[in-house]
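Contents: one structure, followed by commentary.
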Amino acid sequence: MTGALAADLSRLIGSGSVSADRQQIEQYSGDALGVYRAFRAAPRMEAKAKVVVWPTCTEHVSSILKYAQSSRVAVVPYGGGTGVMGAAAPVHDCIILNLQRMNTVLDVDSRDMSARLQPGVVLEDAYAAFRGQDLLMGHDPWSRPIATVGGAISTNGMGYLAAKYGSMGEQVLGMEAVLPDGEVVRSSGVPKPSY
Numbered sequence: 000m001t002g003a004l005a006a007d008l009s010r011l012i013g014s015g016s017v018s019a020d021r022q023q024i025e026q027y028s029g030d031a032l033g034v035y036r037a038f039r040a041a042p043r044m045e046a047k048a049k050v051v052v053w054p055t056c057t058e059h060v061s062s063i064l065k066y067a068q069s070s071r072v073a074v075v076p077y078g079g080g081t082g083v084m085g086a087a088a089p090v091h092d093c094i095i096l097n098l099q100r101m102n103t104v105l106d107v108d109s110r111d112m113s114a115r116l117q118p119g120v121v122l123e124d125a126y127a128a129f130r131g132q133d134l135l136m137g138h139d140p141w142s143r144p145i146a147t148v149g150g151a152i153s154t155n156g157m158g159y160l161a162a163k164y165g166s167m168g169e170q171v172l173g174m175e176a177v178l179p180d181g182e183v184v185r186s187s188g189v190p191k192p193s194y
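Numbering (numbering that gives the first Met the number 0), first residue to last: 0 to 194.
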């Protein structure tokens, strides 16, 4: 199955964005929770994926999810791997959807105090982009040097500034997302107070 799965995904997004290498699969099979911290859940955290993919755009994510749904293959998204909830723990024979190559700060608007970021942007890089516009990102977790925007949003992350600015999810104004069937949806912007 691994060879056919990797070949099919390579045709969709390019061979340089797909790996069935055991070492890479091991590297991305889980998050900071790890088996040694999972206690009774540890046996469920020992599953390994079949393949890791690195999409570079929304269209790639859509193609991967359409393929996975039609092939009945599970998909586990992966950001920076800093979560401690086990959210990046794979299920057997799944695809790891590693979003680290979708790492572009698309826009920072100092007037509207908003930004558009791809999910793989590392929080530290977002901070640097915001500082250049005299803005502050209201999410400052211990994992800022390696955590990603998508991971922080997906877990509704809390950082040191949460008491003032709220959780990461509370700071999101709008979002482009890909549903499990590959459909791309976009929410409209939501006005929020600027602190």
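From the three backbone atoms N, C-alpha and C, an ideal C-beta is built for every residue, glycine too.
Keep in mind that this is a model prediction, so the values were computed, not measured.
Check, Outcome
"Pair within 9 Å by beta-carbon distance, valine 52 and isoleucine 24", "no"
"Bridge partners - isoleucine 95, DSSP secondary structure assignment", "Val51, Val75"
"Rounded distance between the beta-carbons of glycine 173 and serine 186, thought under 8 Å", "5 Å"
"Cα-Cα separation, valine 72 to threonine 57", "19 Å"
"Secondary structure, beta strand (DSSP E): runs of 3+ residues fully inside the stretch 112-153", "113-116"
"Length of the line joining the Cα atoms of valine 177 and valine 60", "7 Å"
"Assigned exposure category for serine 69 - 16 Cβ within 10 Å defines buried", "exposed"
"Limits of the unbroken alpha helix (DSSP H) element including glutamate 182", "Unbroken run through glutamate 182: none, as it is neither H nor E."
"Under the three-state DSSP convention, the category valine 60 falls into", "helix"
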